[in-house]
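Residue numbers (numbering that gives the first Met the number 0): 0 to 191.
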Amino acid sequence: MRRQVGVGVATLALFAAILSLAHSAGAQPAAPAQPIAFSHQIHAGQYKINCQYCHADARRSEYAGLPSVSRCMGCHKITAADRPEIQKLAAFFNEKKPIPWVRVFKVPEYVHFPHKPHVRAEVTCQTCHGPVETMAVVGATTGQNLTNDLLNLLGLARSSTPLTMGWCVECHTTMNATKQTKAPLECVVCHH
Ligand code: HEC
Ligand code: HEC
Ligand code: HEC
Ligand code: HEC
Ligand code: HEC
0 MRRQVGVGVA
10 TLALFAAILS
20 LAHSAGAQPA
30 APAQPIAFSH
40 QIHAGQYKIN
50 CQYCHADARR
60 SEYAGLPSVS
70 RCMGCHKITA
80 ADRPEIQKLA
90 AFFNEKKPIP
100 WVRVFKVPEY
110 VHFPHKPHVR
120 AEVTCQTCHG
130 PVETMAVVGA
140 TTGQNLTNDL
150 LNLLGLARSS
160 TPLTMGWCVE
170 CHTTMNATKQ
180 TKAPLECVVC
190 HH
């Protein structure tokens, strides 16, 4: 009996080690390179520009949205106009091209995530996206993470990686219990 348990534990430990190796080998870079060196630390941190000034759709739609090039140029026709990164910005504006920003946060197609009810329930952007105003480049470790799931199973990790199902459901359960919200737990509300 004791021997069997020992073998079980050893197998699990081996499994965990293999998974963590596989994970670190295939790990995504936390922050992608962007076409223009836009910094949230400068805009939202130093100059305290409101998140929703640039991500204006968050309170009224499914998406948070990204600012148009002309919104950037509202300031940068004058501000720092001589700097190379701002000249790149001006080139997109003059050619009437959108900036091909690289997406960071993304749930799979079969998941329905609307921003509006979360913003209305006063869940702050930072709760889900981290301290963006301190980031020179926005990055995140999100999505399915086998190592973390295994640690969770063994009771060694307390919270799930952002954007996994466990993360959504954990917050819905907690907020419904403590803040009397009506965040859905039915499969069909998040998957349809
Ligand atoms: C409300 C005004 C405002 C808006 C809107 C704004 N910026 Fe800025 N931005 C600033 C200020 C102020 C600085 C700091 C300039 C300095 O260092 O003197 C800055 C700095 C920058 C820099 C660094 C320039 C350098 O190399 O030193 C980049 C790049 C930049 N902004 C890109 C953008 C982009 C892209 C957008 C649109 C998504 C945008 N900004 C929107 C005010 C703004
Ligand atoms: C001056 C405009 C501006 C302000 C203010 C601003 N952002 Fe952004 N944000 C952008 C731009 C442009 C991008 C795309 C480039 C990037 O990822 O850095 C972006 C990207 C993001 C992303 C990643 C989107 C993705 O691809 O998944 C998040 C999350 C985000 N912003 C949150 C915030 C939060 C939270 C605040 C306030 C603390 C904020 N932003 C303030 C312009 C802004
Ligand atoms: C409850 C968690 C949560 C909150 C609160 C939240 N977001 Fe998001 N955000 C997400 C998720 C999940 C995604 C990926 C959605 C997808 O792939 O459809 C996302 C995607 C984004 C994106 C990129 C795609 C898009 O919708 O345009 C931006 C930009 C963004 N969020 C900014 C913000 C800002 C700004 C706030 C605060 C006003 C905010 N978010 C509040 C979870 C959240
Ligand atoms: C930090 C807490 C938190 C996280 C994380 C979170 N939610 Fe929510 N969610 C809420 C709250 C609070 C509400 C609003 C409940 C209310 O209005 O009473 C809500 C509401 C919703 C709704 C209901 C929309 C409606 O119209 O009724 C959906 C769908 C939803 N969330 C999906 C998701 C998905 C998918 C994720 C993960 C990708 C997620 N949520 C992550 C707190 C959260
Ligand atoms: C609050 C939102 C939410 C609810 C409620 C929810 N899910 Fe999910 N589900 C997600 C998100 C986000 C993902 C994608 C991330 C991931 O795979 O963890 C997902 C992924 C899945 C996947 C794919 C997993 C994989 O391995 O690829 C299945 C299957 C699934 N959900 C089934 C269900 C069932 C069955 C229920 C009801 C008992 C349910 N979900 C309830 C948010 C939710």
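Positions of the beta carbon are idealized from the N, C-alpha and C atoms, including for glycine.
Whole angstroms is fine: what's the gap from E61's alpha carbon to H114's? Rounded to whole angstroms, E61 to H114 spans 5 Å at the Cα level.
What do you get for A57, buried or exposed, if any count of 16 or more other CB atoms within 10 angstroms of its CB means buried? When all chains shown are included, A57 counts as buried.
Distance, P31 Cα to A182 Cα: Whole-angstrom Cα-Cα distance: 32 Å.
Measure the C-alpha to C-alpha separation of H191 and G44 and round it to an integer number of angstroms. H191 and G44: Cα-Cα distance of roughly 37 Å.
What I want to know is whether the C-beta of Y62 ends up closer than 7 Å to one or more non-hydrogen atoms of ligand 1. No, Cβ of Y62 sits at least 7 Å from all heavy atoms of ligand 1.
Using only the heavy atoms of ligand 4, determine whether one of them is closer than 7 Å to the beta carbon of V103. No - ligand 4 has no heavy atom lying nearer than 7 Å to the Cβ of V103.
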